[in-house]
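Spelled out as structure tokens, the structure:
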């Protein structure tokens, strides 16, 4: 199940960024499970990773390679992704396997091992099937091309039901600049990243400082504002690459703002695509907090509502059981909440005020909103002027099925 | 579904504590949904309530009545409980309804309104059906008797599949003192209480100061150490009564410690009964944290593991997917966690150490533990000497069914 049509939009190639997708046999034989991405010489790269204390071997290796002291001389040139196995909870062996994978691709590509960044997603705690992975590298490497986005979008999936991509072309000083990205979900999704991988590339010319700043901004409006089940993974990684092969060298504030905005839009579209394809999702729900005194309290309430199993099962049942929303707001742990002042809407229907059901509310009006596949829960805390938005799904039988049968 | 046989144990009457159960028609016609409890004159009472900011009308009224300035002269004499409707999210009308219920029972019993404490559990946000409730009061009142525990245990249920009770008799200075209690769950269960009501009574003679202290101690070892779905409710209430009609007047430290321990044991048995009958539960899982540096971090990790949907679905599937346990530990937000030192066991089977699968671990050994209906996840953080235990269940199809169809 998934919400909306989910068709991959047109994926504009990014000059200087090539992709190749192969079948290594790590997942089911014949299924795409290996993706190589090649960054043209001179590319800049920025990345954010999971904050889970048990971060996977590839995350540790990728961080080390990015932080390599010789990075100025030997910047990252290849991204190596496998699915079907997360290489997490694999101890020392896992680290050796991740490094060995990088070394093997480096030998084929003729670069240093530290110029390869590894990424893995899939089952935790099983050793990485090295023979299968390494065996598929040469043939896959040979197919690198700038039109490989759609295949790669399939190659990085695990329990996702469909590929996820977003692409924009913008005009900067009369020249076309492209931003294209792909991502995968679909459970273990929560702030501070999730079981997700995302790769966004642009051919814009910009500094690495700008790029990391643009990535941080975009993440806090997109990937760090979604939740499926409140769990966060050991492997989350988001990479933003700028190849610098199109458009002018960017330094003008206005131009950078335009690029910033386009990167943010691509990231929001990708993050929302993860939620729409959340495990067992039948609803796409926007939780909008307004009137908060701080970002922190807005997010506390928004996530408590978005992650509440009782709210999520009511959403699955299309049941306007707004009492559960009040319950979740009330347990979010915001001090001195004045429940008399709080208002709650389903889309434009005011459902609760003065600590109870709104006088104007009718079950029919609430039901009409709840019957929709996409809806907004809007909550006014009436304590200030800060607002925040997060996106989530319902909790369905299929979520249980997918996660109970994951390894069977 | 529920774990274990769940038969109600022998429920010893408590001298001076009478119970009556009726059918008011608030739930399905003919189902017990009204319980009155009567405290003999001179009884002491202690209570704890939900910390949800949206606390229900009966909770507000009960707190007000307990805090009444005339309480020394006119202490609580009756507890009035209805199920089928939580009288929560009902605003001003809800408060008036709760007060009106108390006034009606007070008139029948010949006491002051402030001597009645009201309790409600059931659906949130619907007005309390006053006519049905008030109509059933007189006939129910007439049946008050000291042997009413088993009926009352049924009368307070909502989505619970079975009544829950615990009873102990202890010897104090050669005299028998009884402690008996009942409780109801079954979802919205988490620390700081939950959608739960619990009533424990003893005929011991003790001061009200001692009683509140004994209750606070017991709660932190029982009701505040369980979780079903991480949600907490608007109505949780736990009451401890001492009628003072058996045994000597207690002041000896040893005697008080014996009583303390018995109260704690009754509360633990009741709290565990809630978990065993958790919504959709097929497993009873003990999460035991050892080697923590503080209570706070032990509970943080224990609850993150216990509430993780991915851990819970693996438990439902009897899948020893220990990677998900590591993931949950890692995202619990404990600073400077040294994952190298952490060890995890399923019962006595060491499953993870040094950041990965234990060398001695076999899938077969893990599977044998996972196949059990009751099991322990033991986690050693290797940071200190604090330990804490919480109890939880798995996450099953039935949890979704129960909560998606709750109002249909």
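Chains as they are written, first to last, in our numbering: chain E, 1 to 408; chain Z, 1001 to 1408.
By construction, the Cβ of each residue, glycine as well, lies at the ideal position given by its N, Cα and C atoms.
Cut-off 6 Å between Cβ atoms - residues of its own chain near residue 1390 of chain Z, not counting five sequence neighbours on either side | Excluding residues within five positions, the ones whose Cβ falls inside 6 Å are 1225, 1287, 1302 and 1306.
Identify, in the order they occur along the chain, each residue of the same chain with its Cβ nearer than 6 Å to the Cβ of residue 1377 of chain Z, setting aside the five sequence neighbours on each side.
-> The residues are 1287.
Where residue 1178 of chain Z and residue 1206 of chain Z are concerned, what is the direct C-alpha to C-alpha distance, given to the nearest angstrom?
-> Spanning the two alpha carbons is a distance of roughly 13 Å.
Who are residue 1184 of chain Z's beta bridge partners in DSSP?
-> DSSP lists Z/1197 as partners of residue 1184 of chain Z.
Would the beta-carbon of residue 1170 of chain Z fall within 8 Å of that of residue 1279 of chain Z?
-> Going by C-beta atoms, residue 1170 of chain Z is not nearer than 8 Å to residue 1279 of chain Z.
Counting only the same chain and skipping the five closest in sequence on each side, list residues whose C-beta sits under 6 Å from that of residue 11 of chain E.
-> Only 149, 150, 165, 167 and 180 meet the Cβ criterion.
With 8 Å set as the bound, which would you pick, yes or no: does the beta-carbon of residue 150 of chain E sit closer than that to a beta-carbon of chain Z?
-> Output row for residue 150 of chain E: interface = no.
Run of the beta strand (DSSP E) containing residue 1012 of chain Z, from where it starts to where it stops | In the DSSP annotation of this structure, residue 1012 of chain Z is not part of any beta strand (DSSP E), being labelled neither H nor E.
Any C-beta of chain E under 8 Å from that of residue 1350 of chain Z = It does not; no Cβ of chain E falls within 8 Å.
Where residue 257 of chain E and residue 241 of chain E are concerned, what is the direct C-alpha to C-alpha distance, given to the nearest angstrom?
-> Distance from the CA of residue 257 of chain E to the CA of residue 241 of chain E, rounded to the nearest whole angstrom, comes to 17 Å.
Along chain E, which residues have their Cβ under 7 Å away from the Cβ of residue 1354 of chain Z?
-> Here the neighbours are 91.
What is the DSSP secondary structure of residue 351 of chain E, counted as helix, strand or coil?
-> Per DSSP, reduced to three states, the secondary structure at residue 351 of chain E is strand.
With 16 as the cutoff for other CB atoms within 10 Å, does residue 330 of chain E come out buried or exposed?
-> With a threshold of 16 other beta carbon atoms within 10 Å, residue 330 of chain E meets it and is buried.
Given residue 1264 of chain Z as reference, the closest of Z/1253, Z/1200, Z/1252 and Z/1243 once Cα atoms are compared = Taking only the C-alpha atoms, the option nearest residue 1264 of chain Z is Z/1200.
With DSSP collapsed to three states, give me the class of residue 302 of chain E.
-> Three-state DSSP puts residue 302 of chain E in a helix.
Per-residue burial, residue 385 of chain E [other beta carbons within 10 Å of its own, 16 or more giving buried] | So residue 385 of chain E counts as exposed.
How would you call residue 173 of chain E, buried or exposed, if buried means at least 16 neighbouring beta carbons within 10 angstroms?
-> It counts as exposed.
If we ignore side chains and look at the alpha-carbon of each, how far apart do residue 16 of chain E and residue 1320 of chain Z end up?
-> So the two alpha carbons sit approximately 45 Å from each other.
Using a cut-off of 7 Å between C-beta atoms, extract the partners of residue 1159 of chain Z located in chain E.
-> Under the 7 Å cutoff, chain E gives no residues; its nearest Cβ is about 11 Å from residue 1159 of chain Z.
Starting from residue 58 of chain E and walking both ways along the alpha helix (DSSP H), at which residues does that stretch end?
-> Here the alpha helix (DSSP H) through residue 58 of chain E covers 57-66.
In or out: residue 118 of chain E buried (at least 16 other Cβ within 10 Å) or exposed?
-> Burial call: buried.
Where residue 1397 of chain Z meets chain E, residues with beta-carbon distance less than 9 Å = Neighbours of residue 1397 of chain Z on chain E, chain order: 397, 400, 401 and 404.
Cβ-Cβ separation, residue 125 of chain E to residue 98 of chain E (assumed contact under 8 Å), whole Å = The pair is not a contact, with the Cβ atoms about 15 Å apart (cut-off 8 Å).
Residues in its own chain within less than 6 Å of residue 1070 of chain Z by CB, not counting five upstream and five downstream?
-> Note on residue 1070 of chain Z: pLDDT 45, under 50, position unreliable in the model; the coordinate value appears next. Excluding positions up to five away in sequence, the list is empty.
What residues in its chain sit with their C-beta under 7 Å from that of residue 46 of chain E, if we drop five residues either side in the sequence?
-> If we look at residue 46 of chain E and ignore the five residues flanking it on each side, its Cβ neighbours are 208, 211, 212, 215 and 240.
Interfacial residues, the stretch 27-53 of chain E to chain Z, with Cβ spacing under 7 Å | Taking a C-beta cut-off of 7 Å against chain Z, the contacting residues of the stretch 27-53 of chain E are 52 and 53, listed in chain order.
Status (buried if at least 16 other CB within 10 Å, exposed otherwise) for residue 294 of chain E = Classification of residue 294 of chain E: exposed, given that the 10 Å Cβ count is below 16.
Counted within 10 angstroms of its Cβ, other Cβ atoms place residue 1297 of chain Z as buried (16 or more) or exposed = So residue 1297 of chain Z ends up on the buried side.
Under 8 Å, do residue 13 of chain E and residue 142 of chain E count as touching if we go by C-beta distance?
-> In this structure, residue 13 of chain E keeps its C-beta atom at 8 Å or more from the C-beta atom of residue 142 of chain E.
Look at residue 82 of chain E and residue 34 of chain E and say whether their C-beta atoms are less than 8 Å apart.
-> Between residue 82 of chain E and residue 34 of chain E, the gap from beta carbon to beta carbon is short of 8 Å.
Residues, ordered as in the chain, of the stretch 309-329 of chain E that lie near chain Z by beta-carbon distance below 8 Å | Against chain Z - using a Cβ distance shorter than 8 Å - the residues of the stretch 309-329 of chain E are 309, 310, 313, 314, 316, 317, 319, 321, 322, 323, 324, 326, 327, 328 and 329.
Assuming residue 1006 of chain Z and residue 1277 of chain Z make a contact with CB atoms under 8 Å, what is their CB distance in whole Å?
-> Beta-carbon to beta-carbon, residue 1006 of chain Z and residue 1277 of chain Z are separated by about 6 Å, close enough to satisfy the 8 Å threshold.
Rounded C-alpha distance that separates residue 398 of chain E from residue 316 of chain E | Distance between the alpha carbons of residue 398 of chain E and residue 316 of chain E: 11 Å.
Going by other Cβ atoms of all chains shown within 10 Å of its Cβ, with 16 needed for buried, is residue 1185 of chain Z buried or exposed?
-> When all chains shown are included, residue 1185 of chain Z counts as buried.
What residues in the stretch 1083-1112 of chain Z have a beta carbon less than 7 Å from any beta carbon of chain E?
-> Of all residues in the stretch 1083-1112 of chain Z, 1088, 1089, 1090, 1091 and 1094 have a Cβ within less than 7 Å of some Cβ in chain E.
Could you tell me which chain Z residues have their CB closer than 9 Å to the CB of residue 227 of chain E, listed as they occur along the chain?
-> The premise fails here: residue 227 of chain E is roughly 11 Å from chain Z at the closest Cβ pair, so nothing lies under 9 Å.
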